[in-house]
Amino acid sequence: MRIALFVTCLVDMMRPRIGFAAIELLEAAGCEVIVPGTQTCCGQPAWNSGDHAAAAALAKKVIGEFEGHAYVVAPSGSCADHIRNEYPKILADEPEWHARAVALASRVFELTDFLVNVARLDAVPGRFAGSVTYHDSCSGLRGLGVKTQPRALLGKLPGVELREMAGAEDCCGFGGTFSVKFGDISAAIAERKCGNACATGAGTIVGGDLGCLLNIEGKLRRMGDERTRVMHIAEVLTATDGEAGAC
Amino acid sequence: MESRSHRFKANASASLANPVLQANLKTAKGKFVDKRAIAIREIDDFEGTREAAKDIRNRVLENLDLWLEKFETTAHARGATVLWAKDGAEICRHVAEIGRKHGVKKAVKSKSMLSEEAGLNLALEAAGIQPVETDLGEYILQINDNEPPSHIIAPVIHKSLDEVADLFHATHQTPRKTEIPALTREAREVLREHFLTADMGISGGNFLVAETGSVALVTNEGNGRMVTTLPRVHVVITGIEKVIPTLEDLSLLMRLLPRSATGQSISNYVSVLTGVKRPDEQDGPEHLYYILVDNGRADVVGSEFQDMLRCIRCGACMNHCPVYQTIGGHAYGWVYPGPMGSVLTPLYTGLENAIDLPHAATLCNQCGVVCPVKIPLPELLRKLREKQVDRKLRPLFERIALKAWAWVAGRPALYGMGARFAVRYLKWLAGGRASIEIMGTAPEWTAGRNFPAPEGRTFRELYAKRYNKK
Numbered sequence: 395m396r397i398a399l400f401v402t403c404l405v406d407m408m409r410p411r412i413g414f415a416a417i418e419l420l421e422a423a424g425c426e427v428i429v430p431g432t433q434t435c436c437g438q439p440a441w442n443s444g445d446h447a448a449a450a451a452l453a454k455k456v457i458g459e460f461e462g463h464a465y466v467v468a469p470s471g472s473c474a475d476h477i478r479n480e481y482p483k484i485l486a487d488e489p490e491w492h493a494r495a496v497a498l499a500s501r502v503f504e505l506t507d508f509l510v511n512v513a514r515l516d517a518v519p520g521r522f523a524g525s526v527t528y529h530d531s532c533s534g535l536r537g538l539g540v541k542t543q544p545r546a547l548l549g550k551l552p553g554v555e556l557r558e559m560a561g562a563e564d565c566c567g568f569g570g571t572f573s574v575k576f577g578d579i580s581a582a583i584a585e586r587k588c589g590n591a592c593a594t595g596a597g598t599i600v601g602g603d604l605g606c607l608l609n610i611e612g613k614l615r616r617m618g619d620e621r622t623r624v625m626h627i628a629e630v631l632t633a634t635d636g637e638a639g640a641c
Numbered sequence: 010m011e012s013r014s015h016r017f018k019a020n021a022s023a024s025l026a027n028p029v030l031q032a033n034l035k036t037a038k039g040k041f042v043d044k045r046a047i048a049i050r051e052i053d054d055f056e057g058t059r060e061a062a063k064d065i066r067n068r069v070l071e072n073l074d075l076w077l078e079k080f081e082t083t084a085h086a087r088g089a090t091v092l093w094a095k096d097g098a099e100i101c102r103h104v105a106e107i108g109r110k111h112g113v114k115k116a117v118k119s120k121s122m123l124s125e126e127a128g129l130n131l132a133l134e135a136a137g138i139q140p141v142e143t144d145l146g147e148y149i150l151q152i153n154d155n156e157p158p159s160h161i162i163a164p165v166i167h168k169s170l171d172e173v174a175d176l177f178h179a180t181h182q183t184p185r186k187t188e189i190p191a192l193t194r195e196a197r198e199v200l201r202e203h204f205l206t207a208d209m210g211i212s213g214g215n216f217l218v219a220e221t222g223s224v225a226l227v228t229n230e231g232n233g234r235m236v237t238t239l240p241r242v243h244v245v246i247t248g249i250e251k252v253i254p255t256l257e258d259l260s261l262l263m264r265l266l267p268r269s270a271t272g273q274s275i276s277n278y279v280s281v282l283t284g285v286k287r288p289d290e291q292d293g294p295e296h297l298y299y300i301l302v303d304n305g306r307a308d309v310v311g312s313e314f315q316d317m318l319r320c321i322r323c324g325a326c327m328n329h330c331p332v333y334q335t336i337g338g339h340a341y342g343w344v345y346p347g348p349m350g351s352v353l354t355p356l357y358t359g360l361e362n363a364i365d366l367p368h369a370a371t372l373c374n375q376c377g378v379v380c381p382v383k384i385p386l387p388e389l390l391r392k393l394r395e396k397q398v399d400r401k402l403r404p405l406f407e408r409i410a411l412k413a414w415a416w417v418a419g420r421p422a423l424y425g426m427g428a429r430f431a432v433r434y435l436k437w438l439a440g441g442r443a444s445i446e447i448m449g450t451a452p453e454w455t456a457g458r459n460f461p462a463p464e465g466r467t468f469r470e471l472y473a474k475r476y477n478k479k
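Read top to bottom, the protein sequences are chains A and B.
Just so we're aligned: the first sequence equals residues 395 to 641 in our numbering.
Just so we're aligned: the second sequence equals residues 10 to 479 in our numbering.
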């Protein structure tokens, strides 16, 4: 099965290792992974900022780059949700493009959703020992129904102990541009999320969206917590070590 | 009510810096959320019920004028007078006129958000009518120098027991009480006298039933019954969108409203009031007026924001909103806080007067999934943002930055170069540490948290090195 990886702009810039971990997981599931070289961003920041024209231009770019592939996988619920659920709305007034957006939509997947429900990954390649708590990112959870998939994959690592936090489904306060428009509100919401995560005593906070993870990690460090690790699910599933930190 | 929504950002920062408010918000958080989660499990097909409720509300909105005329006819047949108000000022004029006509000196009120939209209490005082709020929360706010409510169903959710104890002690000149039942009894004693001496009762209306010409009131304290039955004159003030076709529809909506609002299977009181007191009846007003209010609603009918008019004012969206939970209701600056307020305030008071509100949300869609009438709140907030961009209401810097970013993102080679430069710059800024504490390009981010440092190379360049050169 040939799939195209949508790396996401945040992974491209901030955490390339998540992209490589995603490739490793997809290959472990028997996929041949293509990475279209001209990809940049799905355009969500433009759409959520109210710039319809810019959002449409970037949507068309992504559709053109990815529609030739059987599946498109992104290590982010937020970007996958945007391509699957928003592109048809963005291009609603352009029938030809709308049809292409709809045709692409059903083939776009968040990484863990794809690994569990499409590729049916048996064994994960990583080794990880320690306690983790999982933050459910909003778009993946409420837009794509990503809830059990990452937990099922974590369950395949014998050394992982999952400790659910209170309010796992609550927003971390990131919200894309919200985090820089209303920094103080965003950071205050993040503080609550960090408190809930740390109350589990888990050594590692795991999530499927880098935006949330940067927000949570940044808040933890500002709160003086240098030990709790913050990792993307793809990193955990391909890890070669795994000593736990602690809140 | 005068809007302070244009100062949202400053209001929110003040809320965050207020330790008493923050402590009170922490206490309140989750109470309604947990109770609702339990209550909705009592409904076998909750999603199906939401869908049906949405259909009922849509059916009305598609022919709102006809349903309003139907309501006017049936209400009139039961002896009520139906008045129409274009805006808050007209509400105040109507009520003052009704008061003059019936020689009203005192009006007891049960909760009405329309009264807040109109700033009715001040207008009543100016007209020589003493307004007395009888909902416990609203009463507390009234004696605290007419403080505005911070929540549509729990108006004093931002206050602590201690604050109320101090207020009662100072206002009633009674020994300070710290037990809730004692404070409640004290309020009852004060309010009882007002119920018995009032000439007019003013209430809101949760629903108007077109087939019977009735108003349905959903309350918990019992004050609503006193307000609507004891005084000679009863004035119902409600929005034009509150009409529903039948009592059958009311029963369906009532399965959702209290559960979504307070997590109750049913509220303590549900009143369906129809017409004036008839000769063979013991209770009820001699004169009944409905003031049906536009105040921006008619313009929303038929617009891309019409879904918002389905709202049944349960407050679930704000109870579940991470932003509301963090800053409380006052920061939103007008009558309606939380996600529904961030949609309604710009629609009713002008897009340019509430520039921050559509952006004051992480678009987490908690509100959308709990809304009992399935209003796509995040989508409506996003559409408002689009309107702002179309009307060039966003700050110039933001508009330019967005355009420049989108232009670059459409040019992969240039974008790649920019990304490579940016990650090297940020890596240098981190200076070997794992995160950056002060970042001039994103001061809002680093004011409250660190910015984790990038690895220093982009995925695209590493991938090219690793795979393409094999």
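Cβ coordinates follow ideal geometry from the N, Cα and C atoms, glycine included.
Please read these numbers as outputs of a predicted model, since none were measured by experiment.
Could you confirm whether any beta carbon from chain A is found closer than 8 Å to the beta carbon of residue i?
i      : result
B/L30  : no
B/T354 : no
B/K40  : no
B/K479 : With a pLDDT of only 45 at B/K479, under the threshold of 50, the placement of this residue in the model should not be trusted; the figure read from the coordinates follows. No, because no Cβ of chain A sits closer than 8 Å to the Cβ of B/K479.
B/K412 : yes
B/V378 : yes
B/Y472 : yes
B/A451 : yes
B/R68  : no
Against residue i, what residues of chain B qualify as contacts under a CB-to-CB distance less than 9 Å, listed in chain order?
i      : result
A/R356 : The structure shown has nothing for residue 356 of chain A, since chain A only spans 395 to 641.
So which residues of chain A does residue i contact, with C-beta pairs closer than 9 Å?
i      : result
B/A375 : Per the sequence presented here, residue 375 of chain B reads as Gln, with Ala not at that position. Ordered by position in chain A, the residues that pass the 9 Å Cβ test against B/Q375 are C532, R536, E563, D564 and C565.
B/L34  : Within 9 Å Cβ-Cβ: nothing; B/L34 doesn't reach chain A, min ~10 Å.
Can you find a C-beta in chain B that's less than 8 Å from the C-beta of residue i?
i      : result
A/K455 : yes
A/V396 : As written in the sequence, residue 396 of chain A is Arg, which differs from the Val given in the question. Not closer than 8 Å to any Cβ of chain B, the Cβ of A/R396 fails to qualify, so no.
A/R409 : yes
A/T590 : Reading off the sequence, residue 590 of chain A comes out as Asn, not Thr. No, because no Cβ of chain B sits closer than 8 Å to the Cβ of A/N590.
A/D507 : no
A/G639 : Note that A/G639 has pLDDT 45, beneath the 50 cutoff, so the model's placement of it is unreliable and the number below is only indicative. No - not a single Cβ of chain B is within 8 Å of the one on A/G639.
A/H599 : Reading off the sequence, residue 599 of chain A comes out as Ile, not His. Not an interface residue.
A/H446 : yes
A/A485 : Note on residue identity: the sequence assigns Leu, not Ala, to residue 485 of chain A. Not closer than 8 Å to any Cβ of chain B, the Cβ of A/L485 fails to qualify, so no.
A/L452 : yes
Residues of chain B with CB under 8 Å from residue i, in chain order?
i      : result
A/R478 : By Cβ distance, chain B contributes nothing, its closest Cβ being about 14 Å from A/R478, past 8 Å.
A/K541 : Those do not exist, as A/K541 stays about 13 Å from chain B at its closest Cβ, beyond 8 Å.
A/I579 : A21, L25, V332, T335, I336 and A369
Along chain A, which residues have their Cβ under 7 Å away from the Cβ of residue i?
i      : result
B/P331 : D564, C565, G567 and I583
B/H243 : What B/H243 touches in chain A: nothing, since even the nearest Cβ is about 42 Å away.
B/P463 : M407 and M408
B/Q397 : G444
B/A431 : M407
B/F468 : V401, V405, D406, P410 and G413
Name, in chain order, the residues that DSSP records as bridge partners for residue i.
i      : result
A/E555 : A/S525
B/T183 : Its beta-bridge partners do not exist; DSSP assigns none.
B/Q139 : B/K115
B/M209 : B/A116 and B/V242
A/R396 : A/E426
Closer than 6 Å by C-beta to residue i: which residues in its own chain qualify, once you throw out the five before and the five after it? Chain order, please.
i      : result
B/M448 : T455 and F460
A/A591 : T527, M559 and I599
B/H203 : V117 and V141
B/Q139 : K115
A/F508 : V467
Starting from the C-beta of residue i, find all residues in its chain whose C-beta is less than 7 Å away, skip the five residues before and the five after it, and write them out in chain order.
i      : result
A/G424 : M395 and A513
So residue i contacts chain B; which residues on that side make the cut at Cβ distance below 7 Å?
i      : result
A/T434 : A418, P421 and Y424
A/A440 : L411 and A415
A/S573 : W454
Run down chain A in chain order and give the residues with a C-beta less than 8 Å from the C-beta of residue i.
i      : result
B/K436 : Per Cβ cutoff of 8 Å: no residues; B/K436 is ~10 Å from chain A at best.
B/F406 : Simply none; closest approach about 12 Å.
B/R59  : The contacting residues do not exist; B/R59 stays about 15 Å from chain A at best.
Taking 8 Å as the limit between beta carbons, can you name the residues of its chain near residue i, skipping five residues before and five after?
i      : result
B/G231 : N277 and Y278
Checklist entry - Okay, do the stretch 317 to 332 of chain B and the stretch 378 to 394 of chain B touch, 3+ Cβ pairs below 8 Å being the bar? => result yes
Next on the checklist: Does the contact criterion of 3 or more C-beta pairs under 8 Å hold for the stretch 19 to 28 of chain B versus the stretch 332 to 339 of chain B?
Outcome noted: yes
Item to check | the stretch 254 to 263 of chain B / the stretch 296 to 310 of chain B touching (three or more Cβ pairs under 8 Å) | outcome: no
Item to check | Three-pair Cβ contact test at 8 Å for the stretch 394 to 411 of chain B versus the stretch 438 to 457 of chain A | outcome: Yes: at least three Cβ pairs fall under 8 Å.
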